[in-house]
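Trainee: Supplied in structure tokens, the structure appears directly below.
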Amino acid sequence: MNQEFNLYDIMQNTAISALACHSFILGYNKVAKQKKEKLNFPKLKYLFFVLPVVYHKDTREVFKSSNELYTAILNNKEMILGLQNRANKMSPQTFNALNLAFSKKIIEYNKVDKSVELLYGFRSHKISITSSFGRENIVRTIQNSAYKLGHIFAKNSEKNIQLELNIRF
């Protein structure tokens, strides 16, 4: 019984979405804390673009294998088509994921910086999940892609992210 979740199961699973958000924040923090001019944690509005990227197979693979935003776009120019629309449609899933992460005390909101910060105990590594029937591969891939996406967002200015991905925060 070595099969992966289907897309509908994944998108409706709030826990997987929360893991993706955590991985994004963790990846962002790993890069941003090395830079003096950036916030150490991403702004809340950035998280609404995580799920549309990591739940789209082609886009997920492109970001997982890229280190820079322009490289990702060069590898798959179609990935930015409809990204804003997908983010708008997936905002309920993002809100549910954030709600779960807030309620389980994984993340907290910084009102001053308008950023989402990881709480102590969740800042050092991705949350590991136990494997069941060999289905953890897709979840791990989602986590890895979200982590890389966090790296990429932390390396770029907000203006550059919006221009390159053709999105608006």
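Residues in the sequence shown are numbered from 826 upward in steps of one, following my numbering.
Heads up, the beta-carbon is just placed ideally off N, CA and C, and yes, glycines get one too.
1) Leaving out five residues on either side along the sequence, give the residues of the same chain with a beta carbon under 6 Å from the beta carbon of F874.
2) To the nearest angstrom, how far is it from the Cα of G907 to the Cα of L876?
3) So, under 8 Å CB-CB, Q918 and N991 are touching, yes? Tell me the CB distance rounded to an integer number of Å.
4) Have a look at the DSSP bridge pairing and note the partners of I932.
5) Can the beta-carbon of F947 be found less than 8 Å from the beta-carbon of I931?
6) What's the C-alpha gap between F920 and Y945?
7) Does the segment 976-983 come close enough to the segment 844-859 to have 3 or more Cβ pairs within less than 8 Å?
8) For the candidate residues F994, N854, L869, whose alpha-carbon lies nearest to that of L923?
9) Between S970 and the rest of its own chain, which residues show a CB-CB distance below 6 Å, the 5 nearest in sequence each way excluded?
10) Thinking just about the alpha-carbon of each residue, which of K936, Q987, L943, K858 is nearest to the one in L844?
11) Within 10 angstroms of the Cβ of L974, are there 16 or more other Cβ atoms? Answer buried if so, exposed if not.
12) Applying the criterion that 16 or more other CB atoms from any shown protein chain within 10 Å of the CB defines a buried residue, is S940 buried or exposed?
13) Taking D883 as the reference, which of N892, A897, E893 has the closest Cα?
14) Please report how far the alpha carbon of F927 lies from the alpha carbon of N892, in whole angstroms.
Mentor: Taking the structure as given:
1) In the sequence shown, the residue the question calls residue 874 occupies position 49. Counting only Cβ-Cβ distances below 6 Å, and skipping sequence neighbours, we find A912.
2) By one-based count along the sequence shown, residue 907 stands at place 82. By one-based count along the sequence shown, residue 876 stands at place 51. Using only the alpha carbons, I get a separation of about 13 Å.
3) As a first step, residue 918 must be located in the sequence shown, where it is residue number 93. As a first step, residue 991 must be located in the sequence shown, where it is residue number 166. Incorrect: roughly 21 Å between the Cβ atoms, too far for contact.
4) One-based indexing of the sequence shown puts residue 932 at position 107. Paired residues: L943.
5) To locate residue 947, count along the sequence shown from 1; it is residue 122. To locate residue 931, count along the sequence shown from 1; it is residue 106. Taking 8 Å as the Cβ cut-off, F947 and I931 qualify as a contacting pair.
6) Along the sequence shown, one-based indexing puts residue 920 at 95. Along the sequence shown, one-based indexing puts residue 945 at 120. Going by the C-alpha atoms only, they are around 22 Å apart.
7) yes
8) Here residue 923 corresponds to residue number 98 of the sequence shown, with the count starting at 1. Closest by alpha carbon: L869.
9) Residue numbering aside, residue 970 sits at position 145 when the sequence shown is read from its first letter. Excluding positions up to five away in sequence, the list reads V879, R885, F888, K889.
10) For the purposes of this step, residue 844 is taken as the residue at position 19 of the sequence shown. Of the candidates K936, Q987, L943, K858, the one whose C-alpha sits nearest the C-alpha of L844 is L943.
11) In the sequence shown, counting from the first residue as 1, residue 974 sits at position 149. Buried: at least 16 other Cβ atoms inside 10 Å.
12) Translated into positions along the sequence shown, residue 940 becomes position 115. Label assigned to S940: buried.
13) Residue mapping note: residue 883 aligns to position 58 of the sequence shown, counting from 1. Closest by alpha carbon: A897.
14) Residue mapping note: residue 927 aligns to position 102 of the sequence shown, counting from 1. Residue mapping note: residue 892 aligns to position 67 of the sequence shown, counting from 1. The straight-line gap from Cα to Cα measures roughly 29 Å.
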